[in-house]
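Colleague: One structure is given below, represented as C-alpha coordinates, and several questions about it will come after.
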Amino acid sequence: MQLKLFEDSPLMLPEDLLEYYPAFLGRDESDQLLQQLLSTVPWQQSKVTMYEKEVLTPRLSAWFGSEPIRSGDQRAVLPWPPELLALKAKVEAHTGISFDGVLLNYYRDNNDSVAWHSDKDTVPGLKTEIASVSLGEERNFDFRSKDNHRRRYTIKLEHGSLLLMKGDLQKYWEHRIAKSVKPMKARINLTFRKVGGTAALQY
(Lines of atoms letter the chains of each structure in order from A and count residues from 1; the text may use other names and numbers.)
(Lines give C-alpha, C1' and ligand atoms only; values in the text may rest on other atoms or scores of the structure.)
Protein backbone atom coordinates (compact mmCIF):
# COMPACT_ATOMS: atom_id res chain seq x y z
CA MET A 1 0.00 0.00 0.00
CA GLN A 2 1.01 3.62 -0.45
CA LEU A 3 0.40 6.77 1.49
CA LYS A 4 -0.22 9.93 -0.47
CA LEU A 5 1.53 13.22 0.13
CA PHE A 6 -0.63 16.34 0.25
CA GLU A 7 1.39 17.45 -2.80
CA ASP A 8 0.25 14.26 -4.60
CA SER A 9 3.70 12.67 -4.49
CA PRO A 10 3.73 8.97 -3.52
CA LEU A 11 5.37 7.73 -0.36
CA MET A 12 5.69 4.09 0.60
CA LEU A 13 3.77 3.21 3.74
CA PRO A 14 6.21 3.11 6.70
CA GLU A 15 5.48 -0.43 7.90
CA ASP A 16 7.15 0.19 11.26
CA LEU A 17 4.49 2.85 12.01
CA LEU A 18 1.31 2.00 10.07
CA GLU A 19 -0.46 -0.91 8.43
CA TYR A 20 -3.57 -0.33 6.32
CA TYR A 21 -6.09 -2.94 5.14
CA PRO A 22 -8.84 -1.33 3.02
CA ALA A 23 -11.22 -4.35 2.93
CA PHE A 24 -10.77 -5.81 6.40
CA LEU A 25 -14.56 -6.24 6.67
CA GLY A 26 -16.86 -7.12 3.78
CA ARG A 27 -19.44 -4.62 2.53
CA ASP A 28 -22.49 -6.43 3.98
CA GLU A 29 -20.81 -6.97 7.35
CA SER A 30 -19.72 -3.32 7.47
CA ASP A 31 -23.18 -2.03 6.53
CA GLN A 32 -24.89 -4.19 9.15
CA LEU A 33 -22.46 -3.27 11.93
CA LEU A 34 -22.71 0.45 11.13
CA GLN A 35 -26.50 0.47 11.39
CA GLN A 36 -26.46 -1.66 14.55
CA LEU A 37 -24.01 0.65 16.32
CA LEU A 38 -25.80 3.82 15.21
CA SER A 39 -29.06 2.58 16.72
CA THR A 40 -27.89 0.77 19.88
CA VAL A 41 -24.84 2.57 21.32
CA PRO A 42 -25.62 5.09 24.12
CA TRP A 43 -23.62 7.90 22.53
CA GLN A 44 -22.28 10.74 24.68
CA GLN A 45 -20.87 14.16 23.84
CA SER A 46 -17.84 14.79 26.03
CA LYS A 47 -16.50 18.08 27.32
CA VAL A 48 -12.87 19.20 27.08
CA THR A 49 -11.13 22.27 28.50
CA MET A 50 -9.69 24.67 25.92
CA TYR A 51 -8.29 28.07 26.81
CA GLU A 52 -9.71 27.69 30.34
CA LYS A 53 -13.22 27.05 28.99
CA GLU A 54 -15.22 23.85 28.77
CA VAL A 55 -16.40 23.06 25.25
CA LEU A 56 -18.26 20.13 23.73
CA THR A 57 -16.27 17.82 21.48
CA PRO A 58 -17.41 17.97 17.81
CA ARG A 59 -18.34 14.27 17.75
CA LEU A 60 -20.07 11.67 19.94
CA SER A 61 -18.29 8.81 21.67
CA ALA A 62 -18.64 5.66 23.78
CA TRP A 63 -16.14 3.49 25.66
CA PHE A 64 -16.46 -0.28 26.03
CA GLY A 65 -14.20 -2.21 28.40
CA SER A 66 -13.78 -3.20 32.03
CA GLU A 67 -12.33 0.05 33.39
CA PRO A 68 -12.18 3.77 32.45
CA ILE A 69 -10.15 4.74 29.43
CA ARG A 70 -8.15 7.06 31.71
CA SER A 71 -8.32 8.40 35.24
CA GLY A 72 -11.09 10.97 35.65
CA ASP A 73 -12.77 10.27 32.31
CA GLN A 74 -16.50 11.03 32.55
CA ARG A 75 -17.66 8.51 29.94
CA ALA A 76 -19.57 5.48 31.21
CA VAL A 77 -17.65 2.20 31.11
CA LEU A 78 -19.94 0.04 28.98
CA PRO A 79 -19.93 -3.78 28.94
CA TRP A 80 -18.91 -5.52 25.71
CA PRO A 81 -21.88 -6.38 23.46
CA PRO A 82 -21.61 -9.57 21.35
CA GLU A 83 -20.99 -7.71 18.09
CA LEU A 84 -18.00 -5.80 19.50
CA LEU A 85 -16.55 -8.91 21.14
CA ALA A 86 -16.74 -10.64 17.74
CA LEU A 87 -15.02 -7.69 16.04
CA LYS A 88 -12.38 -7.56 18.79
CA ALA A 89 -11.59 -11.26 18.22
CA LYS A 90 -11.29 -10.66 14.47
CA VAL A 91 -8.96 -7.67 14.95
CA GLU A 92 -6.82 -9.59 17.43
CA ALA A 93 -6.56 -12.60 15.14
CA HIS A 94 -5.50 -10.37 12.23
CA THR A 95 -2.96 -8.25 14.14
CA GLY A 96 -1.71 -10.76 16.70
CA ILE A 97 -2.26 -8.11 19.40
CA SER A 98 -4.59 -8.32 22.43
CA PHE A 99 -6.77 -5.34 23.34
CA ASP A 100 -8.89 -4.68 26.44
CA GLY A 101 -11.03 -1.71 25.42
CA VAL A 102 -12.51 0.04 22.40
CA LEU A 103 -13.31 3.74 21.96
CA LEU A 104 -16.07 4.51 19.47
CA ASN A 105 -16.23 7.94 17.85
CA TYR A 106 -19.34 8.93 15.89
CA TYR A 107 -18.82 11.63 13.27
CA ARG A 108 -22.37 12.67 12.43
CA ASP A 109 -21.57 14.75 9.36
CA ASN A 110 -18.84 16.86 7.74
CA ASN A 111 -18.85 19.31 10.68
CA ASP A 112 -17.67 16.68 13.17
CA SER A 113 -13.93 16.27 13.61
CA VAL A 114 -11.01 15.56 15.93
CA ALA A 115 -8.17 18.07 16.26
CA TRP A 116 -4.46 17.39 15.86
CA HIS A 117 -3.27 15.13 18.69
CA SER A 118 -1.23 12.06 19.52
CA ASP A 119 -2.48 9.27 21.75
CA LYS A 120 -0.36 8.88 24.85
CA ASP A 121 1.10 5.51 25.82
CA THR A 122 -1.66 3.33 27.19
CA VAL A 123 0.76 1.19 29.22
CA PRO A 124 3.82 3.12 30.49
CA GLY A 125 7.09 1.88 29.06
CA LEU A 126 5.47 0.19 26.08
CA LYS A 127 4.87 1.54 22.58
CA THR A 128 1.24 2.26 21.85
CA GLU A 129 -0.58 -0.06 19.45
CA ILE A 130 -4.03 1.06 18.35
CA ALA A 131 -6.19 -0.82 15.83
CA SER A 132 -8.69 1.47 14.11
CA VAL A 133 -11.73 0.13 12.21
CA SER A 134 -13.72 2.60 10.08
CA LEU A 135 -17.39 2.30 9.12
CA GLY A 136 -19.52 4.57 6.96
CA GLU A 137 -18.46 7.74 5.18
CA GLU A 138 -14.88 7.84 3.94
CA ARG A 139 -12.83 10.44 5.79
CA ASN A 140 -9.22 11.56 5.40
CA PHE A 141 -6.86 10.59 8.20
CA ASP A 142 -4.14 13.27 8.22
CA PHE A 143 -0.87 13.00 10.08
CA ARG A 144 2.07 15.36 10.47
CA SER A 145 5.50 15.36 12.04
CA LYS A 146 5.68 17.01 15.46
CA ASP A 147 9.07 18.50 14.54
CA ASN A 148 8.05 19.79 11.11
CA HIS A 149 4.36 20.47 10.48
CA ARG A 150 5.01 20.81 6.76
CA ARG A 151 5.65 17.05 6.65
CA ARG A 152 2.02 16.00 6.21
CA TYR A 153 0.45 12.87 4.78
CA THR A 154 -3.05 11.47 4.44
CA ILE A 155 -4.85 8.16 4.09
CA LYS A 156 -8.49 7.89 3.01
CA LEU A 157 -10.11 5.60 5.59
CA GLU A 158 -12.58 3.46 3.70
CA HIS A 159 -15.77 1.72 4.84
CA GLY A 160 -14.74 -1.57 6.49
CA SER A 161 -11.02 -0.72 6.62
CA LEU A 162 -8.48 -1.43 9.37
CA LEU A 163 -5.58 0.89 10.23
CA LEU A 164 -2.97 -0.32 12.72
CA MET A 165 -0.95 2.44 14.39
CA LYS A 166 2.19 1.19 16.11
CA GLY A 167 5.86 1.76 16.92
CA ASP A 168 6.89 5.38 17.48
CA LEU A 169 3.98 6.92 15.56
CA GLN A 170 2.46 8.54 18.67
CA LYS A 171 5.86 9.78 19.83
CA TYR A 172 6.85 11.64 16.66
CA TRP A 173 3.58 12.23 14.77
CA GLU A 174 0.15 13.80 15.33
CA HIS A 175 -3.08 12.87 13.56
CA ARG A 176 -6.55 14.30 12.99
CA ILE A 177 -9.88 13.99 11.18
CA ALA A 178 -10.59 17.47 9.80
CA LYS A 179 -13.91 19.17 9.16
CA SER A 180 -14.96 19.34 5.51
CA VAL A 181 -16.96 21.74 3.34
CA LYS A 182 -18.26 18.71 1.44
CA PRO A 183 -21.52 17.26 2.85
CA MET A 184 -20.88 13.89 4.46
CA LYS A 185 -22.91 11.09 6.00
CA ALA A 186 -22.33 9.27 9.28
CA ARG A 187 -19.02 7.62 10.12
CA ILE A 188 -18.07 5.48 13.12
CA ASN A 189 -14.46 4.84 14.07
CA LEU A 190 -13.62 2.06 16.52
CA THR A 191 -10.16 2.23 18.11
CA PHE A 192 -9.12 -0.89 19.98
CA ARG A 193 -6.67 -0.05 22.75
CA LYS A 194 -4.68 -1.42 25.69
CA VAL A 195 -5.33 0.26 29.02
CA GLY A 196 -4.14 -2.21 31.66
CA GLY A 197 -5.17 -0.02 34.59
CA THR A 198 -2.77 2.81 33.71
CA ALA A 199 -4.36 4.52 30.73
CA ALA A 200 -3.51 8.15 30.08
CA LEU A 201 -5.09 8.88 26.71
CA GLN A 202 -5.81 12.28 25.26
CA TYR A 203 -8.70 10.93 23.17
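Our numbering numbers the first residue of the sequence shown as -8 and each following residue consecutively.
We treat Cβ as the ideally placed atom computed from N, Cα and C, and that holds for glycine.
Going along the chain, which unbroken runs of the beta strand (DSSP E) with 3 or more residues stay wholly within the region 69 to 125?
Modeller: Listed in chain order, the complete beta strand (DSSP E) runs (minimum 3 residues) inside the region 69 to 125 are 92 to 98, 105 to 108.
Colleague: Could you check the C-alpha separation between Ser104 and Glu6 for me, to the nearest Å?
Modeller: The alpha-carbon atoms of Ser104 and Glu6 are separated by roughly 26 Å.
Colleague: Would a check of beta-carbon distances place Phe55 closer than 8 Å to chain B?
Modeller: In the displayed structure, chain B is absent; only one protein chain is listed.
Colleague: Assuming Leu154 is part of the beta strand (DSSP E), what are its boundary residues?
Modeller: Here the beta strand (DSSP E) through Leu154 covers 152 to 156.
Colleague: Taking Cβ to Cβ, would you say Leu126 is nearer than 8 Å to Gly87?
Modeller: Their beta carbons are not under 8 Å apart, which means Leu126 does not touch Gly87 by this criterion.
Colleague: Taking the straight line between their C-alpha atoms, what separation do you get for Lys173 and Tyr98?
Modeller: Rounded to the nearest angstrom, the two C-alpha atoms are 14 Å apart.
Colleague: So, helix, strand or coil for Ser171, using DSSP?
Modeller: DSSP places Ser171 in coil when its eight states are reduced to three.
Colleague: Arg130 to Leu16, Cα distance in whole Å?
Modeller: C-alpha separation (whole angstroms): 17 Å.
Colleague: Assign Arg61 to one of three DSSP states: helix, strand, or coil.
Modeller: Of the three classes helix, strand and coil, the one that applies to Arg61 here is coil, per DSSP.
Colleague: With DSSP run on the structure shown, which of helix, strand or coil describes Thr182?
Modeller: Here Thr182 sits in strand by DSSP.
Colleague: Just grab the DSSP bridge partners of Ala53 for me.
Modeller: Paired residue(s): Leu95.
Colleague: On the DSSP bridge assignment, give the partners of Asn131 in chain order.
Modeller: The partner list for Asn131 (beta bridge, DSSP) reads Lys147.
Colleague: For His166, write down the residues that DSSP places opposite it in a beta bridge.
Modeller: Paired residues: His108, Phe134.
Colleague: For Arg135 and Asp110, what's the separation of their Cα atoms in angstroms?
Modeller: Roughly 14 Å separates the two Cα atoms.
Colleague: Grab me the residues of Tyr194's own chain with a C-beta within less than 7 Å of its C-beta, minus the 5 sequence neighbours each way, in chain order.
Modeller: Any reading at Tyr194 must be qualified, since the residue scores a pLDDT of 35, below 50, and its modelled position is unreliable; no value is offered.
Colleague: If we call anything under 8 Å between Cβ atoms a contact, is Leu94 one with Trp54?
Modeller: Their beta carbons are under 8 Å apart, which means Leu94 touches Trp54 by this criterion.
Colleague: Measure the beta-carbon distance from Leu47 to Lys38 and round it to whole angstroms, keeping in mind my assumption that it falls under 8 Å.
Modeller: About 6 Å separates the two Cβ atoms, so the contact holds.
Colleague: By how many angstroms is the C-alpha of Lys137 removed from the C-alpha of Asp159?
Modeller: Cα-Cα distance, rounded: 12 Å.
Colleague: Classify Gln161: buried if its beta carbon has 16 or more other beta carbons within 10 angstroms, exposed otherwise.
Modeller: Classification for Gln161: buried.
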